[in-house]
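Numbering (the numbering used here), first residue to last: 4 to 390. Structure first, commentary second.
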Amino acid sequence: MALLLTSSPRHIRFGWGLWAVAMLLSGACAILIGLRNIIPDIFSIALANALMLFGFGLRPNALSMINSQKLAYQWLPFIAFFGWLTFYLMPWFREDLVLRVLYANSLSTIAMGLCVWECRKTIKTQKISSWVLIIFCSLDILIRLNLIVSHLQTRFPSFEASFTTTSILTGLVVLLVAIILQVAGLGIVYFEQVKQRYETETLREPITGLRNRRAFYDACQIKISGLGFRKPLGYALVTFEIDDLKSITERYGHSMSEAFLRLFGSIGTKHLPPGAEFGHLRDDQFGLLLPGADQTKACAIAQRISRTFTTECATASSRQLTVTLSVGVFCGDNTPFERALEIANHCLRHALANGGNQIVTNDGSGDGGVKSETVSPPFAPRQKSTG
Numbered sequence: 004m005a006l007l008l009t010s011s012p013r014h015i016r017f018g019w020g021l022w023a024v025a026m027l028l029s030g031a032c033a034i035l036i037g038l039r040n041i042i043p044d045i046f047s048i049a050l051a052n053a054l055m056l057f058g059f060g061l062r063p064n065a066l067s068m069i070n071s072q073k074l075a076y077q078w079l080p081f082i083a084f085f086g087w088l089t090f091y092l093m094p095w096f097r098e099d100l101v102l103r104v105l106y107a108n109s110l111s112t113i114a115m116g117l118c119v120w121e122c123r124k125t126i127k128t129q130k131i132s133s134w135v136l137i138i139f140c141s142l143d144i145l146i147r148l149n150l151i152v153s154h155l156q157t158r159f160p161s162f163e164a165s166f167t168t169t170s171i172l173t174g175l176v177v178l179l180v181a182i183i184l185q186v187a188g189l190g191i192v193y194f195e196q197v198k199q200r201y202e203t204e205t206l207r208e209p210i211t212g213l214r215n216r217r218a219f220y221d222a223c224q225i226k227i228s229g230l231g232f233r234k235p236l237g238y239a240l241v242t243f244e245i246d247d248l249k250s251i252t253e254r255y256g257h258s259m260s261e262a263f264l265r266l267f268g269s270i271g272t273k274h275l276p277p278g279a280e281f282g283h284l285r286d287d288q289f290g291l292l293l294p295g296a297d298q299t300k301a302c303a304i305a306q307r308i309s310r311t312f313t314t315e316c317a318t319a320s321s322r323q324l325t326v327t328l329s330v331g332v333f334c335g336d337n338t339p340f341e342r343a344l345e346i347a348n349h350c351l352r353h354a355l356a357n358g359g360n361q362i363v364t365n366d367g368s369g370d371g372g373v374k375s376e377t378v379s380p381p382f383a384p385r386q387k388s389t390g
């Protein structure tokens with residue numbers, strides 16, 4: 004599977020490769036243990052368990068690479084591997100079956116516990132795969148703890164003799180099933196990440212990374228419909244447009260205008276209150292939904308965003324450009340989203356028609372025509388740049 008995922012990002016292939024190596028090392032361990040009494044113990048016991056422990060140390064690293072693009076536990080496989088070999092050189096450890104079982108299964112339990120920890124981090128974004136891996140990694144832990152307890156309670160003459168007990172034999176069968184289903188969980192991780200990338204590509208604007216028009220509309224519809232289940236609660240819908248962005252593009256190129264778009268997206272995101280929705284509606288237009296906000300609060304947020312944007316654009320252009328915003332604000336309640344957007348856009352057009360660099364509001368009441376009023380602009384009337 005790791006070799007077949009050639010179209011996947013490098014970190015996913017690398018993570019799968021680490022898990023595959025871990026499985027190969029466990030398989031090599033099983034083969035060497037099966038040859039016990041045929042080959043020297045240095046191979047069937049010392050090397051076999053060292054390989055298995057190194058493989059277990061790779062597993063949480065595989066998950067951290069897949070989920071976070073980093074090796075979070077690089078130290079683990081080496082500590083497990085060399086720790087085992089160091090202890091095995093000591094007669095008191097080498098000749099005591101209980102100590103060997105305790106060390107090998109304790110380190111394996113720690114590794115699987117770290118796998119569970121890694122899965123908990125992604126439970127919101129990769130729900131199915133995270134739960135599958137948590138369940139079967141936890142089952143792996145329980146079986147190994149049962150093996151430790153069994154050896155502490157009963158002194159078996161050899162490791163092979165312990166498998167004559169029903170509980171350990173049953174646990175071994177369940178463990179094999181858990182290992183297979185862990186691999187299945189990794190497969191689900193891949194498909195969930197592919198789905199996330201697809202949703203990101205189809206629901207996000209590539210330049211700003213914000214929700215695109217469709218995603219913003221859907222999010223607003225859900226948020227507004229949710230308000231109806233509580234006591235009547237109004238909302239504000241704000242539309243922004245960067246003034247004269249087309250002329251900036253013609254004069255300075257697409258890279259400059261795209262930089263301003265990214266800057267505005269970043270500034271708007273930083274100023275979002277809890278529960279707000281922010282989206283990139285089209286080329287130079289953005290939308291902001293503010294549940295529970297009145298006109299005063301909506302205008303204050305819009306003006307703060309406008310001031311910050313103009314200031315940072317001036318800084319970024321070494322004071323060569325004064326880039327401003329036109330803003331339309333709808334405030335009301337029990338108003339369908341489509342009507343609210345129509346009103347906000349009407350206010351925005353009014354702001355643009357009056358020269359831009361201003362905020363225009365409307366309360367959305369009544370059945371007649373839309374009435375709008377100009378609120379104090381964030382700066383003095385815009386001056387076109389020279390030079």
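Beta carbons are placed, not taken as given, at the ideal position from N, Cα and C, and that holds for glycine.
Alpha carbon of Arg310 to alpha carbon of Glu195, nearest angstrom: 40 Å
Residues that DSSP places opposite Ile171 in a beta bridge: Answer by DSSP bridge pairing: none, since Ile171 is not bridged.
Supposed contact pair Ile126 and Val177 - C-beta distance, whole angstroms, cut 8 Å: Rounded, the Cβ-Cβ distance is 24 Å, inconsistent with contact.
Range covered by the beta strand (DSSP E) that runs through Ile362: Ile362 to Asn365
Nearest-angstrom Cβ-Cβ length linking Gly188 and Val135, presumed shorter than 8 Å: 4 Å
Reference Cys334; option with closest CA among His14, Ser111 and Thr242: Thr242
Rounded separation between Gly30 and Gly20 - CA only: 15 Å
Whole alpha helix (DSSP H) elements within the region 44-125, 4-residue minimum: 51-71, 78-91, 94-97 and 100-124
Neighbour-count burial assignment, Pro339, 16 or more Cβ in a 10 Å radius: exposed
Entirely enclosed alpha helix (DSSP H) segments - the region 132-207, minimum 4 residues: 169-206
Nearest-angstrom beta carbon gap, Tyr106 and Arg97 [assumed within contact, 8 Å]: In fact, because the Cβ distance is near 11 Å, the residues do not count as touching under 8 Å.
Presumed contact (8 Å Cβ cut-off) between Val326 and Ala305, rounded CB distance: No, Val326 and Ala305 are not in contact; Cβ-Cβ is about 16 Å, not under 8 Å.
In DSSP terms, what Gly282 is bridged to: Arg214 and Gly290
Coarse secondary structure for Val326, derived from DSSP in three states: coil
Three-state secondary structure (DSSP) of Leu275: coil
DSSP three-state assignment for Ile225, whether helix, strand or coil: helix
Range covered by the beta strand (DSSP E) that runs through Leu240: Tyr238 to Ile245
Span of the alpha helix (DSSP H), counted from its first residue to its last, around Ile42: Premise fails: Ile42 is in no alpha helix (DSSP H) and is neither H nor E.
Alpha carbon of Gln323 to alpha carbon of Ile210, nearest angstrom: 23 Å
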